[in-house]
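Encoded as structure tokens, the structure appears first; notes follow it.
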Amino acid sequence: MSNVKLAVVFYSMGGTNYQMSKWAKEGAEAAGAEVRLLKVQELAPDSVVEANEGWKATVDATKDVPVATSDDLEWADAIIFSVPTRFGNMASQMKQFLDLQGGLWATGKTVNKVVSAMTSAQNPHGGQEATLLSLYTSMMHWGAIIATPGYTDPVLFGAGGNPYGTSVTVDQDGKMVEDVEAAVKHQAKRTITIAEWVKNGNQ
């Protein structure tokens, strides 16, 4: 039984990354991990959110999800991030959250965290891989251990075959094009397995 503590940290505007994060939580808990499902702070003005029906619905749906803090990251052995792409980079809400972790980084508390990431975009070549790589660049500075899915299970091919992390295309109606649930759960279990190796090897 795993004793790994996992923080699943997401930003979601249309609900896609929230759903992926819930699947990651399920996959990690099935692998025996203790999981905290957390969102990052919304930065957009209320007037902008209120004017977008899907965005407002996601804010309402996640209103009881705790906002991630530095304490959550310090607590966690592993972190899975889920964030939509914005012009080939992570959404600014997630970027600000990472940028606020200088205190943890400066005291060595980000070192050897096992991290993995997921993303979404409105078309298959809309910056999905670039978004994951941009997030992983920050993780290299953290001294974290990046756990990608690679091609470690056949379920990844049905989900589009992104070796950097599960990514999904979202159509104009906000629906996921690829079936990524199994890939997300595999990625979560793989992240927990690697975190368990790191944790047990460090005791």
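Quick note: to get my numbering, add 53 to the position in the sequence shown (first position is 1). We put the CB at the ideal spot given by N, CA and C, even for glycine. Predicted, not measured: the structure shown is a model, and the values here were computed from it.
Asked: Cβ distance (whole Å) where residue 136 is taken to contact residue 172 below 8 Å; Found: 6 Å
Asked: Contacting residues, own chain, Cβ-Cβ under 6 Å from residue 182 (five flanking each side not counted); Found: 217
Asked: Selection from 70, 164, 221 and 155 that minimises the alpha carbon distance to residue 193; Found: 164
Asked: Residue 121 vs residue 237 beta-carbon contact at 8 Å; Found: no
Asked: Beta-carbon proximity check, residue 220 vs residue 200, cutoff 8 Å; Found: no
Asked: Range covered by the beta strand (DSSP E) that runs through residue 172; Found: 167-174
Asked: Secondary structure of residue 93, DSSP reduced to three states; Found: coil
Asked: Neighbourhood of residue 108 by C-beta distance below 6 Å, restricted to the same chain and skipping five residues each side; Found: 66 and 102
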